[in-house]
Each structure stands twice: as structure tokens, then as C-alpha cells.
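In our numbering, the protein residues as written are -12 to 131. All remarks here apply to the structure that follows.
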Amino acid sequence: MSVKKNIIYTPELKDAQPLPFVSHGVSAGFPSPALDFTESRIDLNTALSEHPLATFYIRVQGDSMTGAGIDDQDLLVVDRSLEPLNHKIAVCFVDGEFTVKRIKRKKEELWLMPENPKYPPIQITDETQLMIWGIVTYVIKAVK
């Protein structure tokens, strides 16, 4: 059995290449009337990262968060500077392994909640080794 290692990517900020960007958006309902197709540039590292020095990317392995729209092989944008508040989705290091789960505080209890009924919640106890690496701010996915 081979074990995949999680690879954490950091944004490349010094040589960022801005991509073409149409700023008026695209209708997902009825087609919008023709507009001037003005094109500007967008740097995705800047657009997806409010705190670039505290941001990293990590690829999802597994299906425990499909109910939150996070699927296997999606790329998560994670901000380490954000507070791990109740109901936020976090990348966590639990007992030596990475996981992505929703934080749930209930009175004095802390739980890491999956968004797939196939998986049990993880209760954090005094014996649990937990490090919250950051809060998920964006999900980048391939169109299938």
C-alpha cells in the first residue's frame, strides 16, 4: 500500500504573471446584453489571497467534505492568519495526519466535522494532538 504525501504549495509572488480578466462577469442565467468586452489583467495569487505571506495551497485527497463542495483533487487556498472560528472550514494536523474539516465548538467541546455522512466527527480531547494550519478561503476545482 503506497501512502500519498500532502504537498503544500506557497504562492509565487515575485514573478507572478497576471492573466487576462473580463471584469463585468458572465451570466449563469439568461444571456446578458452585449457589453464592451474590456479586458484587464488579474493576478490570481493576489486575488485569492488577502494575506499572501500567510497563504498556502493544498490538494484535497478524499471525499469527507463533498457536502461543503470540496471534492477529491480540489485545490484549497488556505490562510494561516485567520482565526479558527466556529463553523469555519480548516486544514488541521490531527495526531500526525492532515485533514480538512469544519470546526464545531459546543460548550467546552471541540469537534472537527466532516461534510459526508460516511465519516464520523472527530472529537478533540486532551489526548488529541491538534494544530490548525489555516482556514480555507477558496476552493479551486477542475470542471468535469
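From the three backbone atoms N, C-alpha and C, an ideal C-beta is built for every residue, glycine too. The structure displayed is predicted, hence computed values, not measured ones.
Discussion item. I'd like to know if the segment 113 to 123 and the segment 55 to 71 are in contact, where contact means that at least 3 CB-CB pairs between them fall below 8 Å.
Written reply: yes
Item to complete: Could you pull out every residue in the same chain whose Cβ sits closer than 6 Å to the Cβ of M118, ignoring the five residues on either side in sequence?
Response: As a working note, residue 118 is residue 131 in the sequence shown. Excluding sequence neighbours, M118 sits near F80.
Worksheet item: What separation, rounded to the nearest whole angstrom, lies between the Cα atoms of I109 and T42?
Response: Along the sequence shown, one-based indexing puts residue 109 at 122. Along the sequence shown, one-based indexing puts residue 42 at 55. Rounded to whole angstroms, the gap between the alpha carbons of I109 and T42 is 25 Å.
Worksheet item: First and last residue of the beta strand (DSSP E) that includes T86?
Response: Walking along the sequence shown from the start, residue 86 turns up at place 99. Segment 84 to 93, the beta strand (DSSP E) holding T86.
Practice prompt. Keeping to the same chain, check which residues put their C-beta closer than 6 Å to that of K128; ignore five residues upstream and five downstream.
Written response: Within the sequence shown, numbered from 1, the residue matching residue 128 stands at position 141. For K128, where only same-chain residues beyond five positions count, the Cβ hits under 6 Å are D61.
Worksheet item: Using the C-alpha atoms, what's the distance from L63 back to I76?
Response: In the sequence shown, the residue the question calls residue 76 occupies position 89. In the sequence shown, the residue the question calls residue 63 occupies position 76. If you take the alpha carbons of I76 and L63, they lie about 11 Å apart.
Item to complete: Measure the C-alpha to C-alpha separation of V94 and K88 and round it to an integer number of angstroms.
Response: Translated into the one-based positions of the sequence shown, residue 94 becomes position 107. Translated into the one-based positions of the sequence shown, residue 88 becomes position 101. Strictly speaking, residue 94 in this sequence is Lys, with Val absent from that position. For K94 and K88, the distance between alpha carbons rounds to 19 Å.
Worksheet item: Do T53 and D82 have their CB atoms nearer than 8 Å?
Response: As a position in the sequence shown, residue 53 is number 66, starting the count at 1. As a position in the sequence shown, residue 82 is number 95, starting the count at 1. Not a contact, by the Cβ cut-off of 8 Å.
Item to complete: Give the DSSP bridge partners of D66, in chain order.
Response: Counting from 1 along the sequence shown, the entry for residue 66 is found at position 79. Answer is T42, I122.
Worksheet entry | Limits of the alpha helix (DSSP H) - the one that A34 falls within | Working through the sequence shown from its first residue, we reach residue 34 at position 47. Taken as a continuous stretch (DSSP letters only), the alpha helix (DSSP H) holding A34 covers 31 to 34.
Worksheet item: According to DSSP, which residues form a beta bridge with I111?
Response: Counting from 1 along the sequence shown, the entry for residue 111 is found at position 124. Note: I111 sits in a beta bridge opposite L97.
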